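Have a look at the structure below, then the notes.
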Ligand SMILES: C[S@@+](CC[C@H](N)C(=O)[O-])C[C@H]1O[C@@H](n2cnc3c(N)ncnc32)[C@H](O)[C@@H]1O
């Protein structure tokens, strides 16, 4: 099968390609375009090589290294590099782990890890070929694990307890980032999250490494635990090495607890106003992608969100529109927006009582 995306024309052959991951590639290019200092990249799990090829051409890189462990896929990677006329590259039929251990003197400005399932087994070795400022972009398709359908697998893979409710996609994304922040700290790197999101069948985070003990500790101080009360709907979180609550602050019921996870920002302040424009300039980005990127960029950095249908159900009230809740909260000077993580949910810094009182007024037609 021949597949064209952005600047790349790809022959799939026996290598894997998923056209549904186009947004992951486009968003990475959109983010990287904001960092013109990127000169080289490692496409650590290449398959057809589409990422490295697009990064080479669309970011005008000086050099790209392609890795692919699978001997049946590798010839197609080589041939795609050639037909796309990539001049400055190296390609190896080798695992990321092996390459990073024998090439520790090589350092990359950008590293893309896009495996089948979890990126967890690839992160530690990739940190050996990183430097201060390296952009690490990684995908997780083990979303059932990260969203709590397989609690013990999440504990085993990421060392964290997931949330198995409507907060699962954001909690999973934060667990994934927290896992990377913890490993990065072992190499004296702190992290700054460029953009992180959950889309279709995968979660994706693009982070920047910042070297130094202090940076590493600053990142670890953004880790902690999230809480959800199934009885009254309260959600909360605490920063720290240990959970500090068992019972709900509002109604005293037993809480669902998840973590440890990253509780810092999911989008960099500088990136937020530029992301929409940047993705618009990515070759082949479509209207749906631009809209999605703009939505990510418009969400407040407040962790988690309230499901409005769940709250109205708990309150025994008829449903109200999320948009009216948002409008009401904005009118009271709170931050409020829909979230891409889950349908019908509102991300806000308003306390639960305020949201419930607004829902009551809206359902009685008093707002
Ligand atoms: C999901 S595919 C990559 C898709 C590609 N990045 C894209 O955007 O179309 C994952 C690829 O990683 C390869 N892979 C798995 N483990 C690897 C490892 N340890 N080192 C290098 N490549 C690996 C697989 O053979 C597979 O081709």
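Residue numbers (this note's numbering): 58 to 424.
Just so you know, even glycine gets a beta-carbon here, dropped at the ideal spot from N, CA and C.
Every value quoted in this text rests on a predicted model; they were computed, and no experiment measured them.
Quiz item: Rounded to a whole number of angstroms, what is the C-alpha to C-alpha distance between residue 379 and residue 86?
Solution: In the chain shown, the residue the question calls residue 379 occupies position 322. In the chain shown, the residue the question calls residue 86 occupies position 29. If you draw a straight line from the Cα of residue 379 to the Cα of residue 86, it is about 32 Å long.
Practice problem: Pick out whichever of 339, 338, 416, 340 has its Cα sitting closest to the Cα of residue 371. | Solution: Working through the chain shown from its first residue, we reach residue 371 at position 314. Comparing Cα-Cα distances from residue 371 to each of 339, 338, 416, 340, the minimum goes to 416.
Practice problem: Report buried or exposed for residue 320, applying the criterion of at least 16 other Cβ atoms within 10 angstroms of its Cβ. | Solution: By one-based count along the chain shown, residue 320 stands at place 263. Looking at its Cβ environment, which holds 16 or more other Cβ atoms inside 10 Å, residue 320 is buried.
Quiz item: Shortest alpha-carbon distance to residue 400 belongs to which of 318, 422, 257?
Solution: Position 343 of the chain shown holds residue 400. Measuring from the Cα of residue 400, the nearest candidate turns out to be 257.
Quiz item: Between the stretch 217–233 and the stretch 311–318, do at least 3 Cβ pairs fall closer than 8 Å?
Solution: For the pair of segments examined, the stretch 217–233 was found to touch the stretch 311–318: the number of CB pairs separated by less than 8 Å reaches three.
Quiz item: To the nearest angstrom, how far is it from the Cα of residue 73 to the Cα of residue 63?
Solution: Position 16 of the chain shown, counting from 1, holds the residue named residue 73. Position 6 of the chain shown, counting from 1, holds the residue named residue 63. One C-alpha to the other measures close to 18 Å.
Quiz item: Going by the C-beta, is residue 284 closer than 8 Å to any heavy atom of ligand 1?
Solution: Counting from 1 along the chain shown, the entry for residue 284 is found at position 227. It does not: the Cβ of residue 284 is nowhere closer than 8 Å to a heavy atom of ligand 1.
Quiz item: If we call anything under 9 Å between Cβ atoms a contact, is residue 102 one with residue 179?
Solution: One-based indexing of the chain shown puts residue 102 at position 45. One-based indexing of the chain shown puts residue 179 at position 122. Cβ distance < 9 Å, so residue 102 and residue 179 count as in contact.
Exercise. Jot down the residue ranges of each uninterrupted beta strand (DSSP E) in the stretch 102–162, minimum 3 residues, whole runs only, in chain order.
Key: Qualifying beta strand (DSSP E) stretches, in chain order: 120–124, 146–149.
Self-check item: Beta-carbon proximity check, residue 164 vs residue 187, cutoff 9 Å
Solution: Locating residue 164 in the chain shown gives position 107, counting from the first residue. Locating residue 187 in the chain shown gives position 130, counting from the first residue. Contact: yes.
Quiz item: Taking 8 Å as the line, does the beta carbon of residue 152 fall inside it for any heavy atom of ligand 1?
Solution: Within the chain shown, the letter at position 95 stands for residue 152. Here the distance from the Cβ of residue 152 to the nearest heavy atom of ligand 1 is below 8 Å.
Practice problem: Find out if the Cβ-Cβ distance for the pair residue 130, residue 71 is shorter than 9 Å. | Solution: Locating residue 130 in the chain shown gives position 73, where the first residue counts as 1. Locating residue 71 in the chain shown gives position 14, where the first residue counts as 1. A distance below 9 Å separates the beta carbons of residue 130 and residue 71.
Practice problem: Return the CA-CA distance between residue 98 and residue 376, expressed in angstroms with no decimal places. | Solution: By one-based count along the chain shown, residue 98 stands at place 41. By one-based count along the chain shown, residue 376 stands at place 319. Residue 376 has its alpha-carbon roughly 49 Å from the corresponding atom of residue 98.
Exercise. Could you give the DSSP three-state label for residue 87: helix, strand or coil?
Key: For the purposes of this step, residue 87 is taken as the residue at position 30 of the chain shown. Residue 87: helix per DSSP, three-state reduction.
Practice problem: Specify, as a first and last residue, the run of the alpha helix (DSSP H) that residue 351 falls within. | Solution: On the chain shown, position 294 is the one that residue 351 refers to. Where residue 351 is concerned, the enclosing alpha helix (DSSP H) stretches over 344–355.
Quiz item: What residue from 343, 235, 333 has the CA that sits closest to residue 281's CA?
Solution: The residue given as residue 281 occupies position 224 in the chain shown. When the alpha-carbon of residue 281 is set against those of 343, 235, 333, the nearest one is in 235.
Practice problem: Take residue 202 as the anchor and find which of 110, 227, 185 has the nearest alpha-carbon. | Solution: The residue you call residue 202 lines up with position 145 of the chain shown. For residue 202, the nearest C-alpha among the options comes from 227.
Quiz item: For the stretch 265–275 against the stretch 304–311, are there 3 or more C-beta pairs whose distance is under 8 Å?
Solution: Touching, no, given that fewer than three Cβ pairs across the two stretches are closer than 8 Å.
Exercise. Kindly indicate which three-state DSSP category residue 403 falls into: helix, strand or coil?
Key: Walking along the chain shown from the start, residue 403 turns up at place 346. Three-state DSSP puts residue 403 in a strand.
Practice problem: Look up residue 218 in the DSSP assignment and say whether it is helix, strand or coil. | Solution: On the chain shown, position 161 is the one that residue 218 refers to. In this structure, residue 218 counts as strand in the three-state DSSP scheme.
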